[in-house]
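A.B. asks: One structure, as structure tokens, below. Some questions next.
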Amino acid sequence: MHEQEDETSLVWHQALDGSGRILIPVELRRELEIEPGSQLIWTRGENGLELRTYHQSIAEIQDYFTSLSPPDKVWSDELIAERRREAAREHGDG
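Numbering of the sequence shown is given in the UniProt record's numbering, commencing with residue 1 and proceeding in unit increments.
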């Protein structure tokens, strides 16, 4: 069962069964592309439990590290340039 809070948010109410399982509603599984065998990640935060798909977690991690990088730099290019400078020093070219 779910209740519509507003046009963009849904709240689901599910009971825990006798084995400690929670049923994820079919419309939510479809929307988030959760299929049998999908990896889900539970975290306990300040506001309670949060459930994310593996892909959501990876995207959040990628966004975090992207936010640490200056927008005008590509770290792979920086690394390649550094390796070339090191190679030049080793060969006496610089």
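No residue lacks a Cβ here, since even glycine has one placed at the ideal position from N, Cα and C.
Check for me: the alpha helix (DSSP H) holding ILE58 runs from which residue to which?
C.D. replies: Within the sequence shown, residue 58 is the residue found at index 58, counting from 1. Where ILE58 is concerned, the enclosing alpha helix (DSSP H) stretches over 54-68.
A.B. asks: Counting Cβ pairs, one atom from each stretch, are 3 or more of them under 8 Å apart for the region 59-68 and the region 31-40?
C.D. replies: Result no; under three Cβ-Cβ pairs closer than 8 Å.
A.B. asks: Under the DSSP definition of a beta bridge, which residues are partnered with ILE41?
C.D. replies: For the purposes of this step, residue 41 is taken as the residue at position 41 of the sequence shown. ARG52, per the DSSP bridge assignment.
A.B. asks: May I ask you to report which of helix, strand or coil DSSP gives VAL26?
C.D. replies: In the sequence shown, residue 26 corresponds to position 26, counting from 1. The answer is helix: DSSP assigns VAL26 an H, G or I state.
A.B. asks: Quick one: what does DSSP say LEU10 is sitting in, helix, strand or coil?
C.D. replies: On the sequence shown, position 10 is the one that residue 10 refers to. Strand.
A.B. asks: When DSSP labels each residue in this structure, what does GLU35 get in the three-state scheme?
C.D. replies: Stepping through the sequence shown from its first residue, residue 35 is reached at position 35. Three-state result, GLU35: coil.
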